[in-house]
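Read the structure below first, then the notes.
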Amino acid sequence: MPFGRKEAKVRFLDADFDVIEKGDFVRCAVTGKPIPLEELRYWSVKRQEAYIDAAAALKRHQQLHGGSDREED
539 MPFGRKEAKV
549 RFLDADFDVI
559 EKGDFVRCAV
569 TGKPIPLEEL
579 RYWSVKRQEA
589 YIDAAAALKR
599 HQQLHGGSDR
609 EED
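Read left to right, the sequence shown gives residues 539 to 611 (our numbering).
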């Protein structure tokens, strides 16, 4: 990310997200890579985590659930 860019704080909702603290990007919970807000497409409402792509979201799910497709509370 270019110098001067700031990490945003967001609250993830079912089909959208609210910016709580202004910024330009969030970090992927799996890779740590920055995700520009305008490119943010994958997140978990339950875990309040952002993911850079579908593969990262799946990897996180598998990490937490041992590869199971069943979502647990």
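Glycine included, C-beta positions come from ideal geometry on N, C-alpha and C.
Can you tell me the Cα-Cα spacing of residue i and residue j, whole angstroms?
i	j	result
residue 554	residue 560	16 Å
residue 590	residue 600	16 Å
residue 579	residue 596	14 Å
Let me check understanding here. Comparing Cα to Cα, which of the options lies closest to residue i?
i	options	result
residue 584	544, 543, 550	550
residue 562	600, 602, 590, 545	545
Residues in the same chain with beta-carbon distance under 7 Å from residue i, minus the five sequence neighbours each way, listed in chain order, please.
i	result
residue 611	Because the pLDDT at residue 611 is just 44, under 50, the model does not fix this residue reliably, and the point stays unresolved.
residue 557	546, 548
residue 566	573, 588, 589, 590, 594
residue 592	580
Cutting at 8 Å between CB atoms, please list the residues of its own chain near residue i, excluding the five before and the five after it.
i	result
residue 552	583
Short of 6 Å in beta carbon distance, which residues of its chain neighbour residue i, apart from the five on each side in sequence? Order them along the chain.
i	result
residue 571	590
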